[in-house]
Structure formats: C-alpha cells, structure tokens
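Enquirer: Structure below; questions to follow.
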Amino acid sequence: MVYRYRQNAMDLSIKDKDVKNYELTKVEVKTSKDGKARYAVCEFRQAGLRKVLQEQTRPVVMQLMAAYGSTKEHEDVYFKLLEETVGEVMPICRVEVTGFPDFIRKDNDGKIITETKERDGKQVKVASIYNSVFIYALCTDEGECINEQQFSAHC
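Quick note: the sequence shown uses numbering that gives the first Met the number 0, first residue 0, plus one each step.
Shown next as structure tokens:
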C-alpha cells in the first residue's frame with residue numbers, strides 16, 4: 000500500500016512500513032543547548048537476538064520528550080519512567096518515506112557515504128545518492144504508530 004502526501008512541492012510517499020520488537024538498552028537525559036528543553040536520548044536494540052548478535056546490529060536511537068507544555072515535575076516523572084523501563088521490549092515502527100530530491104548522506108565521522116562504480120573501465124568511488132529516509136516511531140502492541148495522524152500529516 001502506498002500513501003502519498005504533497006508538501007513543499009514534493010511528492011512524498013510511504014514506500015514501506017514494518018514493525019519489530021526492540022529492547023530499550025540505554026537512556027540518557029540531556030538539556031538543549033539553550034537550556035530551555037530536556038529530552039531523553041534512548042537507544043534500542045533489536046530484541047529476540049542473543050546478546051552477542053544484538054551487539055552486531057545497529058541500534059535505533061530516538062530523542063523522546065515529555066508532552067508539550069509539561070511542568071518540570073511531569074518531565075522528571077516521565078524521564079524516571081523511561082529509565083525504569085531499560086531492559087523492556089517494545090514495538091518500533093520503521094517507515095520509509097520516498098520522493099525527496101536527491102541528496103547524499105554522511106556517516107558518524109562526517110565522511111560522505113560512497114559506493115564503487117565502474118567508469119571508463121575503472122573502479123571509482125562516487126557519493127551514494129538517496130531520495131528516501133527512514134522514520135522510526137514507537138508503536139502500540141498492535142503495530143500502530145503512536146500519533147499516526149500527526150505522523151501522516153507531516154509526511
């Protein structure tokens with residue numbers, strides 16, 4: 000099933016959506032540079048794998064915030080709850096959104112991601128070109144994205 004959205008003269012569409020169980024492995028509460036917002040950087044690893052295999056997979060990292068307009072006390076409770084759920088398994092939805100103008104990506108070290116292609120009989124490295132992004136969202140046990148209406152409106 001392909002959903003299409005039009006935003007800023009781009010014809011974006013949802014190409015793929017899947018849900019997997021992930022284990023919350025790390026929570027680190029941080030404050031924004033301007034000091035006005037607090038958020039939790041949460042690391043999730045694919046559940047159901049042996050620990051040695053789990054370490055070989057790339058984690059999903061999300062920044063989670065308490066509800067907009069929350070008091071500091073409510074934020075404290077929310078972040079404590081997150082920290083207490085380390086080790087729990089929860090479903091995460093991965094949605095691939097396509098239709099963006101071509102762009103390149105950089106790795107964690109800031110280097111442009113490349114691929115090897117043949118040009119004039121020689122193997123050369125060229126920048127990998129992308130036109131889709133993956134969006135990760137927390138899900139219900141039934142696999143429905145939390146705030147899916149809001150998510151859909153922003154695609």
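Backbone N, C-alpha and C define an ideal beta-carbon position, used for all residues, glycine too.
Exposed or buried, which one is residue 23 when buried takes at least 16 other CB atoms within 10 Å?
Expert: buried
Enquirer: Nearest-angstrom Cα distance between residue 98 and residue 129?
Expert: 10 Å
Enquirer: Run through the DSSP bridge pairs and tell me what residue 15 is partnered with.
Expert: 95
Enquirer: State the Cα-Cα distance for the pair residue 127 and residue 106, rounded to the nearest angstrom.
Expert: So the two alpha carbons sit approximately 12 Å from each other.
Enquirer: Where does residue 44 land, buried or exposed, given buried means 16+ other C-beta within 10 angstroms?
Expert: buried
Enquirer: Which runs of the alpha helix (DSSP H) spanning at least 4 residues fall entirely within the segment 24 to 84, listed in chain order?
Expert: 50 to 53, 71 to 83
Enquirer: Would you give the residue range spanned by the beta strand (DSSP E) that residue 179 belongs to?
Expert: For residue 179 there is no data in the structure shown, the boundaries of the chain being 0 and 154.
Enquirer: Do residue 113 and residue 94 have their CB atoms nearer than 8 Å?
Expert: Result no, Cβ atoms of residue 113 and residue 94 do not sit closer than 8 Å.
Enquirer: Do the segment 31 to 49 and the segment 58 to 74 touch if we need at least three Cβ pairs shorter than 8 Å?
Expert: yes
Enquirer: Go through its chain and collect everything with a Cβ distance to residue 15's Cβ below 7 Å, but skip five positions before and after it.
Expert: 95
Enquirer: Output the boundary residues of the beta strand (DSSP E) element that contains residue 118.
Expert: 113 to 118
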